[in-house]
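Reading the sequence shown from the start, the letters are residues 1101 to 1558 in my numbering.
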Amino acid sequence: MARTASEAPRSALQFPEGFRWGTATSAYQVEGAAREDGRGPSIWDTFAQTPGRIRDGSNGDASVDHYHRYKDDVALMKGLGAKAYRFSIAWPRLFPDGRGTLNDRGLAFYDRLVDELLRAGIEPFATLYHWDLPQALQDKGGWQARDTALAFGDYAGLVARKLGDRVGHIFTLNEVQAFVEHGHQSGVFAPGMKLTPGALNQVRHHAVLAHGLAVRAIRANAPAGAKVGPAENMTIALPVIETPEHIRAAELATREVNAPYLTVMLEGRYTDAYLANAGADAPKFTPQDLEIIASPVDFVGLNVYSPGLHVLASETAPGYAAVKVPSSYPRMASEWLTVGPEALYWAPRHAAKLWNVKDIYITENGASAADQPAADGVVYDIDRVMYLRNYLTHLQRATAEGVPVRGYFLWSLLDNFEWADGYATRFGLVHVDYASQKRTPKLSAAFYREVIARNAVA
Ligand code: FCB
1101 MARTASEAPR SALQFPEGFR WGTATSAYQV EGAAREDGRG PSIWDTFAQT PGRIRDGSNG
1161 DASVDHYHRY KDDVALMKGL GAKAYRFSIA WPRLFPDGRG TLNDRGLAFY DRLVDELLRA
1221 GIEPFATLYH WDLPQALQDK GGWQARDTAL AFGDYAGLVA RKLGDRVGHI FTLNEVQAFV
1281 EHGHQSGVFA PGMKLTPGAL NQVRHHAVLA HGLAVRAIRA NAPAGAKVGP AENMTIALPV
1341 IETPEHIRAA ELATREVNAP YLTVMLEGRY TDAYLANAGA DAPKFTPQDL EIIASPVDFV
1401 GLNVYSPGLH VLASETAPGY AAVKVPSSYP RMASEWLTVG PEALYWAPRH AAKLWNVKDI
1461 YITENGASAA DQPAADGVVY DIDRVMYLRN YLTHLQRATA EGVPVRGYFL WSLLDNFEWA
1521 DGYATRFGLV HVDYASQKRT PKLSAAFYRE VIARNAVA
C-alpha cells in the first residue's frame, strides 16, 4: 500500500465524527460447520440440498469456515480499521428445534466471537434472523404459522439475556421483503414456496409481527439496555429529477411500496391503498397486532443496493408514476444489482422525512464482481472501488445535509455463499479461495481502509 492515510490529502467529503464504519456478513453465508456443536438444520440447509435450487449446486455446509476462522476474520477487520461488525446469529444453533432447551454449545460460539471483537475494539451489531429458520419450525408451517412469530420473540429474549451485556445493538429480521417474496412468492429462496396472494400477505404480517415481538422481548431482557431496530431493504423510489414535485412523488411512492414492511413497522397501520388493493386477500390482524408491530425502535437499518423505482410526479392517483428502467442502465455481476448510487442518498433521506427516524444505519451496501486474482496475486477490483466511491459520495451528501446516518456496514467482509447464486457471485472486500480457505484482501479493501482512516470518501 502506497501511502498511509495520515499522509493523504484531506478530502472535502468528510463524514461526521464518530461515524461507525463496519462490514457485514450472515451466519448461513459464512459460518460453515453446519452440523457441529448441536446445530439443527435450517430451511437453507434443506433448500440447498435440493437439486436444482442453487445455481452451482453448492451449499453452506463448509462455506468460508468463519465458525473456525473467526479470529483470523476479526484480525482482517482490524486491519481495515473497522469500528463495527454486523453478523447474524443462527437461530438453529441456539435452538435446534426452534424453541425449547437452549443449546449451550451453539451460544458459546457467539460468546467467543463477541469477546474476540471487543478485544479488537470492534463493536458487535447482531442480527437475529438472516433467513435461516429452523427446519423444525418450517415443518410446523414456518412463517405461515403465527406461532413462528411467537417463537421468534422467545428466541430474541434469550439472546438479549445472554449477549445483551456485551452487544449493544440488535437487529431483528434482515430484509423481511426479500425472504417473504423470494421465499414464498417466486420460490427462488428457501423454503421455495409459491403461495396465493392471501397466504403471502399473512406471511408478511407474521414476519412484521415477529419483529415487534422481538423488539419487546429485547427491551424486557437486555441487561444493559441494548438498542434495537429492523434491517430492511426498503424499496427506494428515486425522483427522476430533483424538483419538489418529483421528490414529493418519490416520498409518496416509497411509503406506499413498503406498506406491508417498514411503513407498518414505523406507522402501526397498513395504508388504505394497501388494504384496498389487497381486498379479500388482506392479512387477518387485530388492532393489538399493529401496536406490537409498531413497538418503538431505537434506529432503522437500511440495506441499500439498487434503486427500486424511478418516479415522476403525476396528477392522477396515487400521485406518482414509475419510469421503465432502460436496458442500458448499468449493473454489477448480479443480474438484479443495477447501479444507482443516488439510492444511498435517498434511502436515508426518505426514511428520516417519512417517519421522523432519528438514527439510521446503512446495514448493507456492496457490489458483486467477477474478481479473479491477477498474475501477481492481487484482485484489482476497480469496478467495486468505482461502485463504492460513487455510493459513498451520495451517502456523504446525506450526512452533510443533516440526515441522521450513524454508520455504514459494507457487504461483505468476505466472499461467501450468495444464496441461490452459490459461490461464483463474489461480494467480498477479501477474496476467499474456497479450496484452501486462503483469504486475500482485494484492492477494494485498501480503498475502504483509506475511507475509514480519513473518515471521508477516498
Ligand atoms: C442482501 C442480503 C445479503 C446478501 C446481499 C448481497 O439482500 O441481505 O445476505 O446476499 O443481498
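Even for Gly, the Cβ is constructed at its ideal location relative to N, Cα and C.
Asked, Found
"Rounded to whole angstroms, what is the Cα-Cα separation between T1416 and A1317?", "43 angstroms"
"Could you say if the segment 1143–1158 and the segment 1500–1515 meet the contact criterion of at least three C-beta pairs nearer than 8 angstroms?", "no"
"Whether or not the segment 1237–1249 and the segment 1201–1208 are in contact is what I'm after, with contact meaning three or more pairs of Cβ atoms, one per stretch, closer than 8 angstroms; do they touch?", "no"
"Mapping the DSSP letters down to three states, classify P1448 as helix, strand or coil.", "helix"
"Note down, in chain order, each residue of its chain lying with its Cβ closer than 7 angstroms to the Cβ of Y1405, except the 5 sequence neighbours on either side.", "L1437 and N1465"
"Using 7 angstroms as the threshold, is the C-beta distance between T1248 and L1513 below it?", "no"
"Please go through the segment 1334–1411 and give each complete beta strand (DSSP E) segment of 3 or more residues, from N-terminal end onward.", "1337–1339 and 1400–1403"
"Can you tell which of I1393, G1287 and V1340 has the C-alpha that lies nearest to the C-alpha of L1366?", "I1393"
"Between H1494, K1294, E1275 and N1456, which has its C-alpha nearest V1308's C-alpha?", "E1275"
"Thinking C-alpha only, which one of Y1523, N1555, F1547 and M1334 is nearest P1448?", "M1334"
"Do the CB positions of H1494 and L1444 come within less than 7 angstroms of each other?", "yes"
"Report yes if the C-beta distance between R1155 and G1522 is below 7 angstroms; otherwise report no.", "yes"
"State the Cα-Cα distance for the pair L1258 and F1119, rounded to the nearest angstrom.", "30 angstroms"
"Could you name the residues of the same chain whose beta carbon sits closer than 8 angstroms to that of N1301, not counting the 5 residues immediately before and after it, in chain order?", "P1360, A1378, D1381, A1382 and P1383"
"Excluding sequence positions up to five away, which residues of its chain have a Cβ less than 6 angstroms from the Cβ of A1141?", "Reading the sequence as shown, one finds Pro at residue 1141 and not Ala. Q1235, listed in sequence order."
"By DSSP, does S1286 sit in helix, in strand, or in coil?", "coil"
"Alpha carbons only, please: which of P1323, S1427 and V1400 is nearest the one belonging to N1456?", "V1400"
"Assess contact between the segment 1213–1225 and the segment 1177–1189, defined as three or more Cβ pairs (one per stretch) separated by less than 8 angstroms. Is contact present?", "yes"
"To the nearest angstrom, report how far apart L1263 and A1451 are at their CA atoms.", "29 angstroms"
"Roughly how many angstroms lie between the CA atoms of V1439 and L1488, to the nearest whole one?", "10 angstroms"
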